[in-house]
């Protein structure tokens, strides 16, 4: 596997490391990190892919790669994801616009799908651990806690609240105004799951989605 194939993926992973750490710690990533990193890597990727594909086909790949950020933008508009997730998916689409030669799967779409699946799979595990830690009741993707223990959580939101527009403490206080218990769900670091999904996506591109 020569440099033109793995270089965009390696550079994208390098750009995503710091945002992934910030997202895991603070659930917030400054937009300029994606703008600066993606701009540099996008230029390098364009040059690398131009040596692999005709310009017209590469342009089609770029258009195809925008499906993933468009889907994330729709989810953000509906309140299921944040604006930072849109920036992250757009940056991925620009940094890895085309699949490896012989593969048929748009990388950005595969990465976003894998990140989403990993996030969903992690939710019940995280909820179970939190219920055990704070003496709550585990209900699949959610946990029921007393309001006293609910205030000890970090990045957990009452079910039905808008996790992208209000702080956890404010949402919990509002939910506990008339009840002694609250049903919480975790706010998950989607960018962190994107970083985890990158090597998995490349592996699938080179195996499962490769045309003989």
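Residue numbers (the working numbering): 21 to 232. Where is the CB? At the ideal position from N, CA and C, for every residue including glycine.
>> Measuring straight from C-alpha to C-alpha, what distance separates residue 197 and residue 112?
In response: So the two alpha carbons sit approximately 41 angstroms from each other.
> What residues are listed by DSSP as bridge partners for residue 107?
Replying inline: BP columns for residue 107 are empty, so no partner.
>> Rounded to whole angstroms, what is the Cα-Cα separation between residue 178 and residue 68?
In response: 46 angstroms
> Is the beta carbon of residue 211 sitting closer than 7 angstroms to the one on residue 162?
Replying inline: no
> Where does residue 164 fall in DSSP's three states?
Replying inline: strand
>> By alpha-carbon positions, which one of 129, 122 and 49 ends up nearest to residue 87?
In response: Measuring C-alpha to C-alpha distances from residue 87 to each of 129, 122 and 49 identifies 129 as the nearest.
> Can you give the Cα-Cα distance for residue 71 and residue 151, rounded to whole angstroms?
Replying inline: Residue 71 and residue 151: Cα-Cα distance of roughly 53 angstroms.
>> Tell me the DSSP secondary structure of residue 179 in three-state form.
In response: coil
> DSSP state of residue 22, grouped into three classes?
Replying inline: Bear in mind that a pLDDT of 46 at residue 22, under 50, signals an unreliable position, so the model cannot answer this.
> If you compare alpha carbons, which of 96, 91, 65 and 94 is closest to residue 81?
Replying inline: 65
> Can you give the beta carbon distance from residue 25 to residue 120, rounded, assuming they're within the 8 angstroms contact cut?
Replying inline: 5 angstroms
>> Between the alpha carbons of residue 199 and residue 167, how many angstroms are there, rounded?
In response: 8 angstroms
>> For residue 92 and residue 207, what's the separation of their Cα atoms in angstroms?
In response: Straight across, the Cα-Cα distance linking residue 92 with residue 207 is about 16 angstroms.
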